[in-house]
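Each remark here refers to the structure printed beneath this line.
Numbering (our numbering), first residue to last: 133 to 373.
See the structure below:
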């Protein structure tokens with residue numbers, strides 16, 4: 133069973149409105165849930181689109197969900213989480229759509245720019261797993277033009293939160309505006325890199341993921357990816373090795 137195409141039983145029941153995730157776990161542990169006629173008591177057990185789930189012998193058929201992936205221009209102030217954590221979630225702009233969407237990776241609250249939103253588990257895995265080598269491009273304004281020594285530091289394999297990052301391509305666009313191209317994404321990586329180089333980030337914007345760019349998309353707006361764009365993302369993932 134592939135984790136890219138399957139869904140945890142607990143999450144499935146919650147998505148179908150049977151109960152909260154915690155309540156769904158309790159139902160499963162109580163032996164009230166069957167998958168293909170067999171009682172399953174493990175909330176994290178995975179099911180496929182072809183499986184038949186029953187609660188108290190009443191069938192809830194698993195339906196394969198249509199996949200949708202959107203390119204979103206995230207404004208400053210929104211958070212890349214599903215619950216919002218006290219701030220506006222990026223998913224607020226998508227709440228009228230009849231799909232359960234999630235952010236693909238993260239942009240922190242103080243950052244802006246290109247963020248993918250999707251319900252395609254396979255694509256999400258390929259875009260967020262570091263082994264697939266997807267490049268992400270950022271334009272970063274710092275408080276003053278960097279020295280050659282500061283650029284040397286930014287381009288070196290720095291240690292962040294105990295992890296040695298891969299060298300990052302850093303170039304000067306103009307004055308105090310820099311371009312960073314990353315193939316991994318540690319938590320607040322660029323901000324922590326700049327701190328180690330004694331540079332203060334004034335603005336951080338993701339402008340591209342692979343060949344995808346924002347184009348003329350305004351902050352807070354989104355559009356669905358074309359079939360060709362999706363195919364390119366998947367093929368570049370496959371060839372990442």
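Don't be surprised by glycine CBs; every beta carbon is placed ideally from N, CA and C.
Residue i to residue j span [Cα, whole Å]
{"i": "residue 361", "j": "residue 273", "result": "29 Å"}
{"i": "residue 200", "j": "residue 281", "result": "45 Å"}
{"i": "residue 240", "j": "residue 316", "result": "15 Å"}
{"i": "residue 357", "j": "residue 206", "result": "16 Å"}
{"i": "residue 133", "j": "residue 141", "result": "Since pLDDT at residue 133 reaches only 44, below the 50 mark, its modelled position is unreliable, and the value read off the structure follows with that caveat. Distance between the alpha carbons of residue 133 and residue 141: 13 Å."}
{"i": "residue 352", "j": "residue 266", "result": "24 Å"}
{"i": "residue 246", "j": "residue 231", "result": "20 Å"}
{"i": "residue 143", "j": "residue 156", "result": "8 Å"}
{"i": "residue 150", "j": "residue 249", "result": "25 Å"}
{"i": "residue 355", "j": "residue 295", "result": "35 Å"}
{"i": "residue 276", "j": "residue 344", "result": "29 Å"}
{"i": "residue 145", "j": "residue 185", "result": "9 Å"}
{"i": "residue 290", "j": "residue 324", "result": "10 Å"}
{"i": "residue 170", "j": "residue 178", "result": "13 Å"}
{"i": "residue 321", "j": "residue 192", "result": "43 Å"}
{"i": "residue 365", "j": "residue 301", "result": "21 Å"}
With 16 other Cβ atoms within 10 Å as the buried cut-off, status of residue i
{"i": "residue 223", "result": "buried"}
{"i": "residue 147", "result": "exposed"}
{"i": "residue 214", "result": "exposed"}
{"i": "residue 268", "result": "buried"}
{"i": "residue 363", "result": "exposed"}
{"i": "residue 227", "result": "exposed"}
{"i": "residue 293", "result": "exposed"}
{"i": "residue 329", "result": "buried"}
{"i": "residue 256", "result": "buried"}
Boundaries (first-last residue) of the alpha helix (DSSP H) holding residue i
{"i": "residue 246", "result": "Segment 244 to 250 is the beta strand (DSSP E) holding residue 246; no alpha helix (DSSP H) there."}
{"i": "residue 323", "result": "321 to 328"}
{"i": "residue 260", "result": "253 to 260"}
{"i": "residue 146", "result": "141 to 147"}
Selected residue, minimal CA-CA separation from residue i, among the options
{"i": "residue 297", "options": "288, 340 and 233", "result": "288"}
{"i": "residue 152", "options": "168, 170 and 175", "result": "175"}
{"i": "residue 158", "options": "173, 324 and 327", "result": "173"}
{"i": "residue 299", "options": "314, 212, 344 and 275", "result": "314"}
{"i": "residue 225", "options": "346, 210, 253 and 188", "result": "210"}
{"i": "residue 182", "options": "188, 190, 337 and 168", "result": "168"}
{"i": "residue 311", "options": "338, 162, 341 and 271", "result": "271"}
{"i": "residue 376", "options": "333, 187, 283 and 242", "result": "Missing from the structure shown is residue 376; the chain here goes from 133 to 373 and no further."}
{"i": "residue 244", "options": "331, 204, 188 and 139", "result": "204"}
Bounding residues of the beta strand (DSSP E) (the contiguous stretch that carries residue i)
{"i": "residue 293", "result": "Note, residue 293: premise wrong, no beta strand (DSSP E); not H, not E."}
{"i": "residue 205", "result": "201 to 206"}
{"i": "residue 164", "result": "Looking at the DSSP string, residue 164 is not in any beta strand (DSSP E), and its letter there is neither H nor E."}
{"i": "residue 271", "result": "268 to 274"}
{"i": "residue 306", "result": "301 to 306"}
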